[in-house]
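Enquirer: Sharing a structure, written as structure tokens. Questions coming.
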Amino acid sequence: MRFIYLIILTVLLLTIILINKTYEPFVSIKNPDIIIVTTLLGKAYAKRISSEIKKINNSLTVSILNIKELNERCDKIGNPKLIIVRAATPIDTDWIKCLTKMEKRGIKVVNPTSVLKLTSNKLLSSFHFIKKGLPHPDSKEGSKLKIPMTLNTIRHMLKFYNKIIIKPFTSRSQGIYVRVITKDMTDTEIISKINQIPTNQFVIQEFIPYKAIYRVIVINNKALPLSYKDIPRPNKWRVSVCLNKNMKFIPNPPKKLLQTAERVQSSIYNGGVHFIDLFEVNENKYVISEVNTACRLLLHERKAREAKHKYHNIAHYLAQYYVSLVSPMKATKI
Numbered sequence: 113m114r115f116i117y118l119i120i121l122t123v124l125l126l127t128i129i130l131i132n133k134t135y136e137p138f139v140s141i142k143n144p145d146i147i148i149v150t151t152l153l154g155k156a157y158a159k160r161i162s163s164e165i166k167k168i169n170n171s172l173t174v175s176i177l178n179i180k181e182l183n184e185r186c187d188k189i190g191n192p193k194l195i196i197v198r199a200a201t202p203i204d205t206d207w208i209k210c211l212t213k214m215e216k217r218g219i220k221v222v223n224p225t226s227v228l229k230l231t232s233n234k235l236l237s238s239f240h241f242i243k244k245g246l247p248h249p250d251s252k253e254g255s256k257l258k259i260p261m262t263l264n265t266i267r268h269m270l271k272f273y274n275k276i277i278i279k280p281f282t283s284r285s286q287g288i289y290v291r292v293i294t295k296d297m298t299d300t301e302i303i304s305k306i307n308q309i310p311t312n313q314f315v316i317q318e319f320i321p322y323k324a325i326y327r328v329i330v331i332n333n334k335a336l337p338l339s340y341k342d343i344p345r346p347n348k349w350r351v352s353v354c355l356n357k358n359m360k361f362i363p364n365p366p367k368k369l370l371q372t373a374e375r376v377q378s379s380i381y382n383g384g385v386h387f388i389d390l391f392e393v394n395e396n397k398y399v400i401s402e403v404n405t406a407c408r409l410l411l412h413e414r415k416a417r418e419a420k421h422k423y424h425n426i427a428h429y430l431a432q433y434y435v436s437l438v439s440p441m442k443a444t445k446i
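For what it's worth, the working numbering labels the leading residue of the sequence shown as 113, then goes sequentially.
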């Protein structure tokens, strides 16, 4: 009997050890200088940034929290000099409310909660960019709860465009829910497309016949001099420059591309870190696809490193910016 109890105890201990290895708890620093907030599964690149911060200024203490840990420990965090947010949502979730409390206490949050909510809401951000006079597809609001009104909006837009798209008002699964609507579709066919959207509210948008999509990384109003590109194909018009292994690294992107991305960032926040996706319509025209505040950049770094590009260590330039917000330092110009 004792032997059986020993076996059970051993199994329990091993289980606890394995759980602790899988789940990375809050780093036990009473008052960290910097907190990096990630998604539930997004700590890998946060560790890269933390490592680069320590290389620049070893006296700074850094803790990494996912959004669940942030919410659980919101009242015990203390007074960090900076909170770096690598997660996003368009609504007032509990962790956003926690960050809002931090902002009200005077703690610097990058990107601020207002920017996180704006860029996460593809409908509101569309309206924002259009109002600012930036190149962006014509966009309208659609709703499953207002089908007659939504159908009228779609029919009206199809008077001006051969095709339109509908998509969730938040980014979902690398764009798998984006649907194309054409002039020859019946109302029944259009409603069928609408029902495939996982959210009640969605975006109705001009279809952009793009030649390529590019990703530009903008740090504190300055784009890194590199980019990533993918092109549509006959059997795949919807492409990505996020977690796409087939995207192409562009070591010397067009100046107009980088300048457009910088204009996009400055329209939403003076500073910050944004991963801006732009459609190439022709050689001298770029149109906004979307703006992201959180993305795992391990693949992007690897592609730049393999090309032996001077700026391959993206985490270093992110860290350099973050350190400049909390302590004086000599900045390396991008």
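By construction, the Cβ of each residue, glycine as well, lies at the ideal position given by its N, Cα and C atoms. What you are looking at is a predicted structure, and each value in this text was computed from that prediction instead of being measured.
By Cβ distance below 7 angstroms, which residues in the same chain neighbour TYR273 in space, the five residues on each side in sequence not counted?
Expert: GLU318, PHE319.
Enquirer: Only counting the same chain, and skipping five residues up and downstream in sequence, which positions put a Cβ closer than 7 angstroms to that of LEU270?
Expert: Answer for LEU270: ILE276, LYS295, listed in chain order.
Enquirer: Less than 7 angstroms between C-beta atoms, sequence neighbours within five positions excluded: which residues of the same chain meet that for CYS210?
Expert: Contacts found: LEU182, ASN183, CYS186.
Enquirer: Identify every residue that forms a DSSP beta bridge with SER339.
Expert: Beta-bridge pairing links SER339 to ILE362.
Enquirer: Report the rounded CA-to-CA distance for PRO260 versus LYS420, giving the unit in angstroms.
Expert: Each residue's alpha carbon lies about 55 angstroms from the other.
Enquirer: What are the uninterrupted segments assigned as beta strand (DSSP E) that are 3 or more residues long and contained completely in the stretch 152-217, given in chain order?
Expert: DSSP runs (the beta strand (DSSP E)) wholly in the stretch 152-217: 174-178, 194-198.
Enquirer: Output yes or no for whether 8 angstroms exceeds the beta carbon distance between ILE146 and TYR434.
Expert: Against a cut-off of 8 angstroms, the Cβ pair of TYR434 and ILE146 comes out as a contact.
Enquirer: What are the boundary residues of the alpha helix (DSSP H) that includes GLN308?
Expert: From DSSP, GLN308 is part of no alpha helix (DSSP H); its letter is neither H nor E.
Enquirer: Would you grab the beta carbon distance between LEU390 and VAL399 for me? Rounded to a whole angstrom, and I think it's under 8 angstroms.
Expert: With a Cβ gap of about 7 angstroms, LEU390 and VAL399 count as contacting.
Enquirer: LYS244 and SER379 - do their beta-carbons sit closer together than 8 angstroms?
Expert: Their beta carbons are under 8 angstroms apart, which means SER379 touches LYS244 by this criterion.
Enquirer: Please state if the CB of SER251 and the CB of SER238 are separated by a distance shorter than 8 angstroms.
Expert: Yes, the Cβ-Cβ distance between SER238 and SER251 is below 8 angstroms.
Enquirer: For the structure I just gave you, are there three or more beta carbon pairs, one from the stretch 343-356 and one from the stretch 299-308, closer than 8 angstroms?
Expert: No, the stretch 343-356 does not touch the stretch 299-308.
Enquirer: To the nearest angstrom, how far is the alpha carbon of CYS354 from that of LYS415?
Expert: Cα-Cα distance, rounded: 12 angstroms.
Enquirer: Mapping DSSP to helix, strand and coil, what is GLU253?
Expert: If DSSP states are grouped into helix, strand and coil, GLU253 belongs with the strands.
Enquirer: Alpha carbon to alpha carbon, how far is THR212 from LEU152?
Expert: If you take the alpha carbons of THR212 and LEU152, they lie about 19 angstroms apart.
Enquirer: Give the DSSP-derived three-state secondary structure of LEU390 in the structure shown.
Expert: LEU390: strand per DSSP, three-state reduction.
Enquirer: Where do the ends of the beta strand (DSSP E) carrying GLY280 lie?
Expert: Sequence inspection shows Pro at residue 280; the Gly mentioned does not correspond to that position. Element bounds for PRO280: 275-280.
Enquirer: Just mark GLU402 as buried or exposed, buried being the case when its beta carbon has 16 or more other beta carbons within 10 Å.
Expert: Buried.
Enquirer: Kindly indicate the opening and closing residues of the alpha helix (DSSP H) around ARG375.
Expert: Note, ARG375: alpha helix (DSSP H), 367-380.
Enquirer: Could you tell me whether the Cβ atoms of LEU236 and LYS220 are closer together than 8 angstroms?
Expert: No.
Enquirer: Looking at the unbroken alpha helix (DSSP H) that takes in ASN332, where does it start and where does it end?
Expert: Counting along the chain, ASN332 falls outside any alpha helix (DSSP H), and DSSP gives it neither H nor E.
Enquirer: With H, G and I counted as helix, E and B as strand and the rest as coil, what does DSSP make of ASN264?
Expert: It is helical.
Enquirer: Should VAL197 be labelled buried (16 or more other beta-carbon atoms within 10 Å of its own) or exposed?
Expert: So VAL197 ends up on the buried side.
Enquirer: Determine the closest residue to LEU315 out of PHE241, ASN333, GLY254, ASN358, with distance taken between C-alpha atoms.
Expert: A quick correction: the sequence has Val, not Leu, at residue 315. Nearest C-alpha to VAL315: GLY254.
Enquirer: Looking at THR231 and ALA200, is the spacing between their C-beta atoms short of 8 angstroms?
Expert: A contact, by the Cβ cut-off of 8 angstroms.
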